[in-house]
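Take a look at the structure set out below.
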Amino acid sequence: MNKQNTKNTEWTIENAENTYRIKRWGNGYFDIGESGDLMVIPRYNEPELKISLKEVIDEMQSTGIEFPAVIRFHDILRSQVELINKTFRSVIEETHYEGSYLGVFPVKVNQMREVIEEIVDVGKRFNYGLEAGSKPELAAALAYNTNNEALTILNGYKDEDYLRLALLGRKIGRKVVVVIEKFSELNMLISLSKELNVKPIIGLRIKMMVKGRGKWESSSGERAKFGLSIAEILNVIQLCEKEGMLDCIELLHFHIGSQLTDIRAIKEAVQEAATVYTQLVKRDVPLHYIDVGGGLAIDYDGSQSTNDSSCNYDLTQYVSDIVSGFKQHCDLESVPHPNIVSESGRAITAHHSCVITKVIGEIHPKGIGSTVFDTKKATGEHITVTNMRDIAQVLSTENYQEAFNDVQALKEQAIQAFKLGVLSLEEVAKTETLYWQTLEDIEQIISNHDFIPEELKEIPELLSSQYLANFSVFQSAADSWAIEQVLPVVPISRLNEKPTKLCSLVDITCDSDGKIDKFIGEGAVTNSVPLHKLNADEDYFIGLFLTGAYQDVMGDMHNLFGRLNEVHIFSYDDDPKDFYIEEVVKGSSMESVLSTMQYTPAILAQSVKKAIDKKIQQGQLKPREGVNLIDFYEDCLSDYTYLKA
1 MNKQNTKNTE
11 WTIENAENTY
21 RIKRWGNGYF
31 DIGESGDLMV
41 IPRYNEPELK
51 ISLKEVIDEM
61 QSTGIEFPAV
71 IRFHDILRSQ
81 VELINKTFRS
91 VIEETHYEGS
101 YLGVFPVKVN
111 QMREVIEEIV
121 DVGKRFNYGL
131 EAGSKPELAA
141 ALAYNTNNEA
151 LTILNGYKDE
161 DYLRLALLGR
171 KIGRKVVVVI
181 EKFSELNMLI
191 SLSKELNVKP
201 IIGLRIKMMV
211 KGRGKWESSS
221 GERAKFGLSI
231 AEILNVIQLC
241 EKEGMLDCIE
251 LLHFHIGSQL
261 TDIRAIKEAV
271 QEAATVYTQL
281 VKRDVPLHYI
291 DVGGGLAIDY
301 DGSQSTNDSS
311 CNYDLTQYVS
321 DIVSGFKQHC
331 DLESVPHPNI
341 VSESGRAITA
351 HHSCVITKVI
361 GEIHPKGIGS
371 TVFDTKKATG
381 EHITVTNMRD
391 IAQVLSTENY
401 QEAFNDVQAL
411 KEQAIQAFKL
421 GVLSLEEVAK
431 TETLYWQTLE
441 DIEQIISNHD
451 FIPEELKEIP
461 ELLSSQYLAN
471 FSVFQSAADS
481 WAIEQVLPVV
491 PISRLNEKPT
501 KLCSLVDITC
511 DSDGKIDKFI
521 GEGAVTNSVP
531 LHKLNADEDY
541 FIGLFLTGAY
551 QDVMGDMHNL
561 FGRLNEVHIF
571 SYDDDPKDFY
581 IEEVVKGSSM
591 ESVLSTMQYT
601 PAILAQSVKK
611 AIDKKIQQGQ
621 LKPREGVNLI
631 DFYEDCLSDY
641 TYLKA
């Protein structure tokens, strides 16, 4: 048959934006250039300053930095810290709120030293602090949060050493707040504070009745893991009064979950917390701070909805609802406005980091396009094969829907016939080849139609390819695998060219779960993303974005791939490319990941050398060849763990 020509629609930058929703999830930090390259806008208040991500990749390649790699835009990180602080200050000033904002960054969201250094540095002028939830995080916070006006909030369950570290912070003049999660912690803290002769700052975490919205809503409510009931809070107050330490209780804390998708949950939580706060203040509990916890969401899929990967509010609305909610309630009860603390980690770090990987191959459905199998009629062939060929030959714009139904039925018949030993391997191969060719032809026909019958809408998905990308999902996009988090996937260049391939992504691990098949779609999550045809003489890079929160630090050692190479980018107006690579952090070598798993690389090399030496002695290897093999093995141990693609 004569194949129909695909509708030749002109592709524009606007089409690319509608496909990948870059402006909607990018929070102003990403755009598409006229050249079709993905652009980074590193400073929220300088939209004219743009960096070509393709030029960053070109420079990395020219200096020998291997991919996959993490690229950090530290200006974005600094911008987000400024933005949240300035937004709170602006709303506080506009509403005549009488308290201040003293935010903290939760270290658990991204514990990388470079990230913490940047946040602390830019946060100094805002007295922006850190939150720790473990002894190692507290040790880091004590060393880096040196601003005596900034808070260090301590959450999580605590033992004696944890509390001693907290009181060490108090000894050196830091505003370290120990948030009591369970009653027994208070007894230990009181005893240690007397032993060390230092006055603690105590926070109380409420076990909220209101529940959050989204994937983490179970972390709030009566079955929450952390927090004190109202009865326990009253017992804490009574004990502190008895010990003469009521004045140590300065902070009230609540948290109803990460990535809160619905603004109504925030409004409800503020109302409940404000009620508890005002009643405690009226009982002469000298509270100075209200900690609203984390939960400020980011719009991963650009839908601006209550989907798990989105949110129906922006930063200004979030801040306004918190500030106005506490102001209104405190004014009604005639109590002082508390200083507001928030622990917004995801919103601070997500946008600044992305994973760049090269597509190194394509896996076609049933080998379509990669191999050719002769489907010519053979003497005595089974009727199923003949019927499949006949349908393919008479396919037209008038009978394509009937043809689809028929080839679907014939394919099922062929499978059953093969299981019963009726069809030969060659006949099955012909049937499969004709089936996929027919689907391709039907897809070309329906691409010219405005209306597509419902049952035919699955054809593009059936024909979609898998692009093999040089990375590990388990290391670089753990949430994509573990909780089906949608992460934006976008080609770095050719965005001014129509993508003609529907694809899912598979990684280079040996695990069948090593794939990404949840993508941003039109109004819903889809199982494929439009990408471009691979050209033999051209590298094709794609980016996984919004990976700066949790993904940077949650990666595992699956297949012993380890950490990625990492580059830190700063914008620089006087540079011709408007950026420079400030630092390169080498990823894991084979030696380092093997050592992590208790292997000794020197012993491994010695063992292989002994085996090669034995073959040389037996005359099965020439000495020079053996030496080269040993050198190759040792060189591999010092190399990057990912493929050299």
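Numbering-wise, the sequence shown is residues 1 to 645 according to UniProt numbering.
Glycine included, every Cβ here is placed at the ideal spot set by N, Cα and C.
- Leu505 has its alpha-carbon roughly 43 Å from the corresponding atom of Ser90.
- Following the DSSP letters along the chain, one finds Gly626 inside the alpha helix (DSSP H) bounded by residues Pro623 to Ser638.
- Counting along the chain, Phe88 sits inside the alpha helix (DSSP H) bounded by residues His74 to Glu94.
- Annotated as proximal: Ile116 and Ala140, with beta-carbon spacing under 8 Å.
- With contact defined as three or more Cβ pairs closer than 8 Å, the region 346 to 356 and the region 295 to 309 are in contact.
- A contact between stretches requires three or more CB pairs, one per stretch, nearer than 8 Å, and the region 48 to 56 meets this requirement with the region 571 to 586.
- In the three-state reduction of the DSSP assignment, Leu425 falls in the helix class, which pools H, G and I.
- Judged by pairs of C-beta atoms under 8 Å, the region 604 to 611 does not touch the region 74 to 92, as fewer than three such pairs exist.
- Three or more beta-carbon pairs drawn from the region 494 to 501 and the region 530 to 541 are found closer than 8 Å, and the two stretches are therefore classed as touching.
- Excluding the 5 residues flanking it on each side, Met554 has same chain C-beta neighbours closer than 7 Å at Ala478, in chain order.
- Ranking Tyr540, Ala482, Leu495 and Ser571 by CA distance to the CA of Lys518 puts Ala482 first.
- The continuous beta strand (DSSP E) containing Ser465 extends over residues Ser465 to Ala469.
- Annotation note: the region 254 to 280 contains no uninterrupted beta strand (DSSP E) run of length 3 or greater.
- His352 sits in a helix when the DSSP states are folded into three classes.
- About 5 Å separates the beta carbon of Val335 from that of Thr278, a gap short enough to meet the 8 Å contact definition.
- Judged by their CB atoms, Ala417 and Phe373 are not nearer to each other than the 8 Å cut-off.
- Within the model, the alpha-carbon separation for Thr87 versus Lys515 is close to 38 Å.
- About 4 Å separates the CB atoms of Tyr289 and Leu251; that is less than 8 Å, so the two are in contact.
- The residues Ile32 and Leu495, in chain order, have a CB closer than 6 Å to that of Ala16 in the same chain once the five nearest residues on each side in sequence are set aside.
- Only residues of its own chain outside the window of five on either side were considered, and among them Leu138 have a CB closer than 6 Å to the CB of Leu165, listed in chain order.
- DSSP places Asn565 within a strand segment (E or B) once states are collapsed to three.
- If you check the CB distance, Met388 and Val407 come in under 8 Å.
- Residue nearest to Thr63 within the set Pro453, Ser134, Asn565 and Leu168 is Asn565 (criterion: CA-CA distance).
- Inclusion of Ala392 and Gln437 in the CB contact set at 8 Å is warranted, their separation being smaller than that value.
- For Ile172, the closest of Glu149, Asp331, Thr261 and Lys194 by C-alpha to C-alpha distance is Glu149.
- Annotation note: the region 536 to 619 contains the following uninterrupted beta strand (DSSP E) runs of length 3 or greater, listed N- to C-terminal: 541 to 544, 565 to 571 and 579 to 585.
- The residue from Gly227, Gly562 and Thr384 with its alpha-carbon nearest to that of Ala409 is Thr384.
- Comparing alpha carbon positions, the residue from Thr433, Leu234 and Asp284 closest to Ile206 is Leu234.
- Asp291 has its alpha-carbon roughly 21 Å from the corresponding atom of Gln111.
- Short of 7 Å from the beta carbon of Gly325, and not among the five residues preceding or following it, lie these beta carbons of its own chain, in chain order: Lys267, Val270, Gln271 and Ala274.
- In this structure, Val567 lies near Ile65, with their beta-carbon atoms less than 8 Å apart.
- Residue pairing for Ile249: DSSP places it in a beta bridge opposite Ile202.
- In the same chain as Ala403, and ignoring 5 residues on each side of it, the C-beta atoms closer than 7 Å to its own belong to Ile391, Leu395, Thr438 and Ile442, in chain order.
- Counting every other CB atom within 10 Å of its CB across the protein chains shown gives Ala524 a total below 16, marking it as exposed.
- Distance from the Cα of Gly129 is smallest, within the candidate group Arg624, Tyr29, Tyr318 and Phe105, for Phe105.
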